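A.B. asks: Pasting a structure below so you can have a look.
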Amino acid sequence: MKDRLLKDLNHIEVMLKYSNKIMDVKSKFYRDEYKLDEENLAVLFSFYLMQIGEQIATGNLSEELKDKYGFIEWKSIRGLRNIVSHTYHQILINEVFEIVKNDLPVLIADLNIIREDLLKEYETRQVLENESNIN
2 MKDRLLKDLN HIEVMLKYSN KIMDVKSKFY RDEYKLDEEN LAVLFSFYLM
52 QIGEQIATGN LSEELKDKYG FIEWKSIRGL RNIVSHTYHQ ILINEVFEIV
102 KNDLPVLIAD LNIIREDLLK EYETRQVLEN ESNIN
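Just so you know, we're using my numbering here: the sequence shown kicks off at 2 and counts up by one.
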């Protein structure tokens, strides 16, 4: 159970890492710190979105976590990963930018909530484990 919790936490943190990379690149692009055209920027964003979806597509996240946080569209995230991975030519630049603009900030907020919940659960289990070892 503790192993599953740590695995879920790790995969949520990976998703957050790539989500935050997108937001960082986006902010630098709009401040003209990056000299990428929109197509190359969309390719970069798509790669990071694929990495986010990879955490779901490979069955890394537990079903318990996905059920508990069912308000997140896990299947849509996985589906986007599949499109980017297997049929990249079907990706529209505007769709990628819309996802980054509208959906990603919400996902980041939700992933941060999950991360905090998992950390609290882990800490609680550590305390209980330590107490049982004392007794």
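All C-beta atoms in this analysis are idealised placements derived from N, C-alpha and C, irrespective of residue type, glycine included.
Predicted model only: the values in this text are computed from it and were never measured.
1. Leaving out five residues before and five after M51 in sequence, what residues of the same chain have Cβ atoms less than 6 Å from its Cβ?
2. Do the stretch 8-26 and the stretch 105-114 meet, that is, are 3 or more Cβ pairs less than 8 Å apart?
3. Is it buried or exposed, Q56, if we count other Cβ atoms within 10 angstroms and call 16 or more buried?
4. I'd like to know whether the C-beta atoms of Y123 and K3 end up nearer to each other than 9 Å.
5. Look at the Cβ atom of Y49, then the Cβ atom of I23, and state whether they are nearer than 9 Å.
6. Check D38 in the structure and name its three-state DSSP category.
7. Using three-state DSSP, classify Y70 as helix, strand or coil.
8. Ignore the nearest five residues each way along the sequence and tell me which others in S47's own chain have a CB closer than 8 Å to its CB.
9. Return the first residue and the last residue of the alpha helix (DSSP H) that G80 is part of.
10. In the DSSP assignment, find the alpha helix (DSSP H) that holds N61 and state where it starts and stops.
11. Quick check: what's the CA-CA separation for I100 versus S20?
12. Taking 8 Å as the limit between beta carbons, can you name the residues of its chain near F72, skipping five residues before and five after?
C.D. replies: Well, looking at it:
1. Within the same chain, M51 has close Cβ partners R82, V85 and S86.
2. Under the 8 Å Cβ criterion, the stretch 8-26 counts as touching the stretch 105-114, having at least three qualifying pairs.
3. If you draw a 10 Å sphere on the C-beta of Q56, you find 16 or more other C-beta atoms in it, and that means buried.
4. Taking 9 Å as the cut-off, the Cβ atoms of Y123 and K3 count as close.
5. Against a cut-off of 9 Å, the Cβ pair of I23 and Y49 comes out as a contact.
6. Reduced to three states, the DSSP call for D38 is coil.
7. Looking at Y70 - three-state DSSP - the assignment turns out to be coil, as it is neither helix nor strand.
8. Around S47: V85, Y89, I92 and V97.
9. From DSSP, the alpha helix (DSSP H) with G80 extends over W75 to H87.
10. It is not in any alpha helix (DSSP H) - N61 carries neither H nor E in the DSSP assignment.
11. So the alpha carbons of these two residues sit roughly 11 Å apart.
12. Hits under 8 Å: D111.
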